[in-house]
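Here the structure is laid out as structure tokens; the discussion comes afterwards.
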Amino acid sequence: MSRFIGRERELAALGSILDRVRSEIGTSRPGRCVLMRGRRRIGKSALAEEFVGRSGLPSMFYTAAGDAAAAELEQFTADVAASSLPDRGLFADMAPGSWNGALQSLADSLPDDRASVVVMDEVPYLMDRVDSFEGLLQRAWDRRLSHKPVLLILIGSDLSMMEALNSYDRPFHQRGSEMVVGPLNPAEIQSMLGLSAPDSFDAALLTGGLPLVCEEWPPGASSWEYLHGALTNPVSALLVSGERSLAAEFPTQAQAREVLQAIGSGERTFTNIARSAGGIAHSTLVRAVDLLISKNVVTAELPLSTRPSKERRYRIRDPYLRFWLYFLHPHLPEIERRRGDLTLRRIASQWSGWRGRAVEPLVREALARLIPDDRLPEAPAVGAYWTRSNDVEIDIIGADRGPVAKELRFVGSVKWLESPFDDHDLAVLARHRAALTDRSVPLVAVSRSGISRPGLVTHYGPDDLIQAWQP
């Protein structure tokens with residue numbers, strides 16, 4: 156059995172809510188609810204399983220499968236009957252004939268004198284398949300479930316539907332605390348795999364912090380050692396997770412998938428995405444992009460500067476999906492015919508350039524977490540700047556707000572190569588700063604391999620950046 160790594164913040168948050176449930180046993184409403192959401196295969200179910208196991212409390216874990224309402228009810232009934240709840244026999248003796256009755260019987264199965272945990276996974280399927288499910292859940296929670304000392308954890312991978320569940324105009328509004336589960340961060344990956352800081356960032360770009368993919372990575376192995384093993388295994392998580400995620404999130408939206416593949420191939424502007432996706436109509440592209448953004452798969456960004464800009468660019472939020480779409484998806488047939496060596500050779504030839512751009516969002520996130528420090532001032536907005544012609548591109552912009560700032564706090568360059576940041580790189584950065592502003596805004600270099608002349612600029616390396624995610 157693999158060792159559970161990370162998620163200490165999430166486990167502590169769940170533990171704190173459970174402590175509230177325990178402390179209020181005997182009161183009128185000791186129950187608490189958590190609405191847990193996150194991308195598919197990000198480890199939400201594993202997190203809930205780990206928490207339930209550590210709690211040692213009576214519990215029930217049910218996962219919806221997207222079946223018809225009657226089949227879902229049958230599975231729910233079976234899962235309660237097989238649970239460790241003290242009065243689970245109620246379900247074995249008389250199976251409820253409706254979801255309304257099932258939720259009421261669930262409440263009757265919960266203990267009154269000690270805490271319990273109930274997990275309902277893939278709740279959006281129930282919202283989609285069961286008529287008025289949100290209203291049924293709200294009624295059961297208000298009348299029965301919340302009166303028991305239970306921690307109810309509702310999990311969903313459809314981010315927009317989970318957000319809607321708690322929106323002000325929906326029945327379950329303000330009845331649960333929201334928890335967003337993200338990927339394993341570079342520090343957690345470093346701890347899990349025993350890698351250096353630079354190699355941990357590489358692993359973050361390859362795996363996206365997906366626990367199932369990280370679990371396949373042999374501790375201490377280099378990126379190339381890992382890739383060699385994964386690309387010779389047609390059922391490795393690295394290969395299959397991308398297709399499974401897309402099939403689950405976009406089962407019928409073929410055009411959304413085509414647009415996603417266009418962005419994954421490296422296209423970032425609306426015009427180029429349309430061209431790469433086969434010249435689809437403007438309105439169709441708008442709908443597809445809006446869907447991808449609503450599902451938090453794609454993000455749309457504007458240049459950060461003191462001047463308004465309409466030069467919007469798009470990128471895939473998940474580093475793993477970005478890697479999979481660029482390097483793996485177009486060449487799955489050759490991997491399936493056991494020629495993963497060709498894929499690996501292609502990755503090696505393009506890796507340096509692809510990695511240099513792919514790491515930039517991760518670098519900006521790290522800086523946003525680290526500052527203010529003894530090197531850089533506070534900057535509530537950390538972004539990037541570009542022009543339509545790309546004659547001026549600045550990897551890092553720190554400002555008082557975005558996307559249109561009143562004041563720029565610093566500008567910087569990311570050089571994620573095996574060679575250090577040198578005088579030439581500094582000259583380019585200074586020239587681009589001059590094109591952006593006439594003020595002497597501080598310069599910062601972020602380099603994988605250090606700087607050639609210490610003291611030239613404020614500098615961050617991988618060991619500095621990874622501290623952003625340390626406890």
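First residue of the sequence shown: 156, per our numbering; consecutive thereafter.
We treat Cβ as the ideally placed atom computed from N, Cα and C, and that holds for glycine.
How is residue i classed by DSSP in three states: helix, strand or coil?
i: Lys465; result: coil
i: Thr454; result: strand
i: Leu105; result: With the chain represented from 156 up to 626, any question about residue 105 goes unanswered, as that position is not in the structure.
i: Ala402; result: helix
i: Asp234; result: helix
i: Trp541; result: strand
i: Arg442; result: helix
i: Leu476; result: helix
i: Gly211; result: coil
i: Val305; result: strand
i: Ser200; result: helix
i: His614; result: strand
i: Arg184; result: coil
i: Ser178; result: helix
i: Ala536; result: strand
i: Arg470; result: strand
i: Met156; result: In this prediction, Met156 scores a pLDDT of 42, lower than 50, which makes its location untrustworthy; no coordinate-derived value is stated.
i: Ile502; result: helix
i: Ile606; result: strand
i: Ser271; result: strand
i: Gln622; result: helix
i: Glu289; result: helix
i: Ser253; result: coil
i: Thr592; result: coil
i: Thr407; result: coil
i: Pro373; result: coil
i: Gln416; result: helix
i: Asp324; result: coil
i: Arg524; result: helix
i: Leu531; result: coil
i: Arg294; result: helix
i: Arg493; result: coil
Measuring CB to CB, does residue i end up less than 8 Å from residue j?
i: Ala536; j: Leu415; result: no
i: Leu169; j: Phe206; result: yes
i: Val176; j: Ala270; result: yes
i: Thr628; j: Lys561; result: Residue 628 is absent from the structure shown; the chain starts at 156 and stops at 626.
i: Ser604; j: Pro626; result: no
i: Leu238; j: Ser253; result: This sequence places Ser at residue 238; Leu is not what is there. Cβ atoms of Ser238 and Ser253: not closer than 8 Å.
i: Met282; j: Ile310; result: no
i: Val272; j: Leu245; result: no
i: Leu339; j: Gly375; result: no
i: Leu291; j: Leu258; result: yes
i: Leu620; j: Leu598; result: no
i: Ser264; j: Leu240; result: yes
i: Leu361; j: Phe478; result: yes
i: Tyr540; j: Ile552; result: yes
i: Leu350; j: Ala342; result: no
i: Gly538; j: Glu456; result: yes
Spell out the partners DSSP gives residue i in its beta bridges.
i: Asp276; result: Thr218
i: Met191; result: Ile310 and Met334
i: Gly567; result: Ile551 and Val599
i: Ser460; result: Val559
So, under 8 Å CB-CB, residue i and residue j are touching, yes? Tell me the CB distance rounded to an integer number of Å.
i: Gly198; j: Pro366; result: 4 Å
i: Leu386; j: Ile490; result: 6 Å
i: Leu320; j: Glu289; result: 7 Å
i: Gly421; j: Cys188; result: About 42 Å separates the two Cβ atoms, so there is no contact after all.
i: Ile471; j: Gly419; result: 6 Å
i: Glu413; j: Gly433; result: 7 Å
i: Gly186; j: Pro304; result: 7 Å
Nearest by alpha-carbon distance to residue i: which of the options is it?
i: Ala411; options: Leu265, Leu522, Val441 and Ile502; result: Val441
i: Ala417; options: Ser438, Ala403, Ala443 and Ala402; result: Ala443
i: Val596; options: Ile606, Thr613 and Asp445; result: Thr613
i: Asn388; options: Trp372, Gln505, Ser377 and Met191; result: Trp372
i: Asp546; options: Asn451, Arg468 and His587; result: His587
i: Ser449; options: Leu525, Met316 and Glu422; result: Met316
i: Gly161; options: Leu202, Ile172 and Gly610; result: Leu202
i: Met191; options: Arg184, Ser400 and Glu165; result: Glu165
i: Glu333; options: Gly193, Val395 and Arg298; result: Gly193
i: Pro266; options: Gln230, Leu212 and Ser377; result: Leu212
i: Pro558; options: Leu522, Arg501, Asp578 and Arg468; result: Arg468
i: Gly256; options: Ala225, Glu318 and Thr426; result: Ala225
Quick one: is the Cβ of residue i within less than 7 Å of any heavy atom of the ligand SAH?
i: His614; result: Looking for the ligand SAH in the displayed structure turns up nothing, as the structure carries no ligands at all.
Is residue i close to chain B, meaning its C-beta is less than 8 Å from at least one C-beta of that chain?
i: Leu598; result: The question asks about chain B, but that chain is absent: this structure has only one protein chain.
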